[in-house]
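Peer 1:
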Amino acid sequence: MYKKGDYEVEAEGHHSTVKLRVSFDEEKLTKIEVLEENETQAFVDDLKDRFIPEVVANQSLNLDAISGATKLTKAVTSSVEEAITEAGGDPKTFTEAAHVTETKLPDADVTADVVVIGSGASGFMSAITAAKAGSKVVVLEKAGNLAAVNGVKVSGPFAVNTPVLRERGTTLTVNEVSQHVMNYTHWEPNSALIRNYLEHSSEAVENLLEIGYQFKEANFRFKTPFVDEKGGFHLILTDVDKRVRLWTEAYEKYGVDAFFNTAAKEVLKENGKIAGVAGQRKDGSKVTVHAKSVIIASGGYLGNKESI
220 MYKKGDYEVE AEGHHSTVKL RVSFDEEKLT KIEVLEENET QAFVDDLKDR FIPEVVANQS
280 LNLDAISGAT KLTKAVTSSV EEAITEAGGD PKTFTEAAHV TETKLPDADV TADVVVIGSG
340 ASGFMSAITA AKAGSKVVVL EKAGNLAAVN GVKVSGPFAV NTPVLRERGT TLTVNEVSQH
400 VMNYTHWEPN SALIRNYLEH SSEAVENLLE IGYQFKEANF RFKTPFVDEK GGFHLILTDV
460 DKRVRLWTEA YEKYGVDAFF NTAAKEVLKE NGKIAGVAGQ RKDGSKVTVH AKSVIIASGG
520 YLGNKESI
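Going by the numbering used here, the first residue of the sequence shown is number 220, and it counts up by one from there.
(1) Going along the chain, which residues of its own chain have a beta-carbon closer than 6 Å to the beta-carbon of Arg414, five neighbours each way excluded?
(2) Under the criterion of a Cβ to heavy atom distance below 6 Å, does Glu489 qualify as lining the ligand HEM?
(3) Is it true that the segment 453-462 meets the segment 396-410, where meeting means three or more beta-carbon pairs spaced less than 8 Å apart?
(4) Between the alpha carbons of Val263 and Asn369, how many angstroms are there, rounded?
(5) Helix, strand or coil for Tyr473, going by three-state DSSP, please let me know.
(6) Please state whether DSSP places Ile285 in a helix, a strand or coil.
(7) Do you know whose CA, among Pro376, Gly337 and Lys223, lies nearest Ala437's CA?
(8) Is the Cβ-Cβ distance between Ala350 and Tyr473 less than 7 Å?
(9) Less than 7 Å separating the beta-carbons of Asp326 and Lys484?
(10) Determine whether the beta carbon atoms of Val335 and Gly342 lie at a separation below 7 Å.
(11) Using DSSP bridges, identify the partner residues of Lys505.
(12) Asp265 and Gly363 look like a contact to me (Cβ under 8 Å); what is the Cβ gap, rounded to whole Å?
(13) Look at the alpha carbon of Glu252 and the alpha carbon of Pro310, and state the distance between them as a whole number of angstroms.
(14) Identify whether Val228 lies in helix, strand or coil by the three-state DSSP scheme.
(15) Would you kindly check if the distance between the Cβ of Leu280 and the Cβ of Phe243 is under 7 Å?
(16) Can you give the Cα-Cα distance for Thr467 and Thr249, rounded to whole angstroms?
(17) With a Cβ-Cβ cutoff of 7 Å, do Lys238 and Gln278 count as a contact?
(18) Pick from Gly287, Gly224 and Ala411: whose alpha carbon is nearest that of Val393?
(19) Quick check on DSSP: helix, strand or coil for Glu255?
(20) Specify, as a first and last residue, the run of the beta strand (DSSP E) that His453 falls within.
(21) Which of the three DSSP states, helix, strand or coil, is assigned to Asp326?
(22) Check this for me: beta carbons of Ala536 and Ser345, under 7 Å apart or not?
(23) Return no unless some Cβ of chain B is closer than 7 Å to the Cβ of Ala261.
(24) How many Å lie between Glu418 and Glu395 at the Cα?
(25) Could you tell me the alpha carbon to alpha carbon distance between Leu365 and Gly518, rounded to whole angstroms?
(26) Should Ala477 and Leu487 be called a contact, given that it needs their Cβ atoms to be closer than 7 Å?
(27) Do Lys361 and Ala284 count as a contact pair if the criterion is CB distance below 7 Å?
(28) Per DSSP, which residues does Ala482 bridge with? Please list them.
(29) Do you know offhand how far Ser297's Cα is from Lys222's?
(30) Output needed for Thr507: all residues of its chain with C-beta closer than 6 Å, excluding positions within five of it in sequence on either side, in chain order.
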């Protein structure tokens, strides 16, 4: 069925060329080794720990993609298909093969003070802020790991009166930004809410500095009045791999329990009061979190046509 041997193949991932060695005996694919890559480490870990072993065990490429890493997944699958062809096999035997479903994890039933839905920028900040204040916090995140959330990939936040700006000598004030935002939007937003956000905006930067982020004040990529001594944009200098590690370490430090591959399905209520969240993992198992406080941080309204 196959020509026994090792076949070195490669394809372009998200950040780099991904090189593999794919091995066959006469009957099956026996091994896949990653020889070279420069991809986000959390995605590579998922590739090595889950995706590749499943390919070999199931003799199938009909698998769930690496969460948040479509290009890396495609690089690996196309390379394996190429190796199968070189070994004299038919890639269709892998692309059309049934995927043996993983054994379900046992249902989880936990109790916390606060449950946060989503682990992006707002969810992460909410979780560690509540945990630092002494609350027991559980996070439900639909993605497979922290590397897959947008919050670790952003250029940086806009904030006023931060340590970064004070060190640079920036003179931007809450009044100046608030006035500009309200004038620019024809006073349609809630002015008190905008001002409250600006007055507390430094806290996010301070939290990130505390866990190990590095920033510099920088101008926006598009034109705004907030430049030079009136600048407020904080460019993140920390690379994405390190950001993922810092977020992971922060959750561990403050005792935040995160359930990944877990979608929130329902906010639970008892006698008209919030009682927690019912979630479901990707494998179908259930995660029930009992909590008196629920923070919904699952994304902006722009992603929901019904909300706009």
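For every residue, glycine included, the Cβ atom is placed at its ideal position computed from N, Cα and C.
Peer 2: According to the structure data:
(1) Stepping through the sequence shown from its first residue, residue 414 is reached at position 195. Correct list, in chain order: Ser397.
(2) This structure lacks the ligand HEM, and indeed carries no ligand of any kind.
(3) no
(4) For the purposes of this step, residue 263 is taken as residue 44 along the sequence shown, with counting starting at 1. For the purposes of this step, residue 369 is taken as residue 150 along the sequence shown, with counting starting at 1. Taking the straight line joining both Cα atoms gives about 18 Å.
(5) Position 254 of the sequence shown, counting from 1, holds the residue named residue 473. Of the three classes helix, strand and coil, the one that applies to Tyr473 here is coil, per DSSP.
(6) The sequence position of residue 285 within the sequence shown is 66, counting from 1. Residue state, collapsed to three classes: coil.
(7) The residue you call residue 437 lines up with position 218 of the sequence shown. Answer by Cα proximity: Pro376.
(8) Taking the first residue of the sequence shown as position 1, residue 350 is located at position 131. Taking the first residue of the sequence shown as position 1, residue 473 is located at position 254. Closer than 7 Å, so yes.
(9) Position 107 of the sequence shown, counted from the start, is the residue given in the question as residue 326. Position 265 of the sequence shown, counted from the start, is the residue given in the question as residue 484. It is not a contact, given that the beta carbons lie outside the stated cut-off.
(10) In the sequence shown, the residue the question calls residue 335 occupies position 116. In the sequence shown, the residue the question calls residue 342 occupies position 123. Yes, these two residues count as a Cβ contact at 7 Å.
(11) Stepping through the sequence shown from its first residue, residue 505 is reached at position 286. In the DSSP output, where bridge partners are listed per residue, Lys505 has Gln499.
(12) Taking the sequence shown and counting its residues from 1, one reaches residue 265 at position 46. Taking the sequence shown and counting its residues from 1, one reaches residue 363 at position 144. 6 Å between Cβ atoms; contact.
(13) Residue 252 sits at position 33 when you count from the first residue of the sequence shown. Residue 310 sits at position 91 when you count from the first residue of the sequence shown. Approximately 18 Å, taken between the alpha carbons.
(14) One-based indexing of the sequence shown puts residue 228 at position 9. Here Val228 sits in strand by DSSP.
(15) Position 24 of the sequence shown, counted from the start, is the residue given in the question as residue 243. Position 61 of the sequence shown, counted from the start, is the residue given in the question as residue 280. Not closer than 7 Å, so no.
(16) Your numbering for residue 467 matches position 248 in the sequence shown. Your numbering for residue 249 matches position 30 in the sequence shown. Thr467 and Thr249: Cα-Cα distance of roughly 33 Å.
(17) The sequence position of residue 238 within the sequence shown is 19, counting from 1. The sequence position of residue 278 within the sequence shown is 59, counting from 1. For Lys238 and Gln278, no; Cβs fall outside 7 Å.
(18) Taking the sequence shown and counting its residues from 1, one reaches residue 393 at position 174. For Val393, the nearest C-alpha among the options comes from Ala411.
(19) Locating residue 255 in the sequence shown gives position 36, counting from the first residue. DSSP places Glu255 in strand when its eight states are reduced to three.
(20) In the sequence shown, counting from the first residue as 1, residue 453 sits at position 234. That run of the beta strand (DSSP E) goes His453 to Ile455.
(21) Translated into positions along the sequence shown, residue 326 becomes position 107. Asp326 falls in the coil class under three-state DSSP.
(22) Here the chain has residues from 220 to 527 only, and residue 536 is not among them.
(23) Considering every chain present, this structure includes no chain B. It has just one protein chain.
(24) Translated into positions along the sequence shown, residue 418 becomes position 199. Translated into positions along the sequence shown, residue 395 becomes position 176. About 12 Å.
(25) The residue given as residue 365 occupies position 146 in the sequence shown. The residue given as residue 518 occupies position 299 in the sequence shown. Distance between the alpha carbons of Leu365 and Gly518 is about 15 Å.
(26) Numbered from 1 along the sequence shown, position 258 holds the residue referred to as residue 477. Numbered from 1 along the sequence shown, position 268 holds the residue referred to as residue 487. Result no, Cβ atoms of Ala477 and Leu487 do not sit closer than 7 Å.
(27) Working through the sequence shown from its first residue, we reach residue 284 at position 65. Working through the sequence shown from its first residue, we reach residue 361 at position 142. No. Outside cutoff.
(28) Locating residue 482 in the sequence shown gives position 263, counting from the first residue. For Ala482, which the question treats as bridged, DSSP gives the partners Gln499.
(29) As a working mapping, residue 297 is identified with position 78 in the sequence shown. As a working mapping, residue 222 is identified with position 3 in the sequence shown. Going from the Cα of Ser297 to the Cα of Lys222 covers about 19 Å.
(30) Position 288 of the sequence shown, counted from the start, is the residue given in the question as residue 507. The residues are Asp328 and Ala497.
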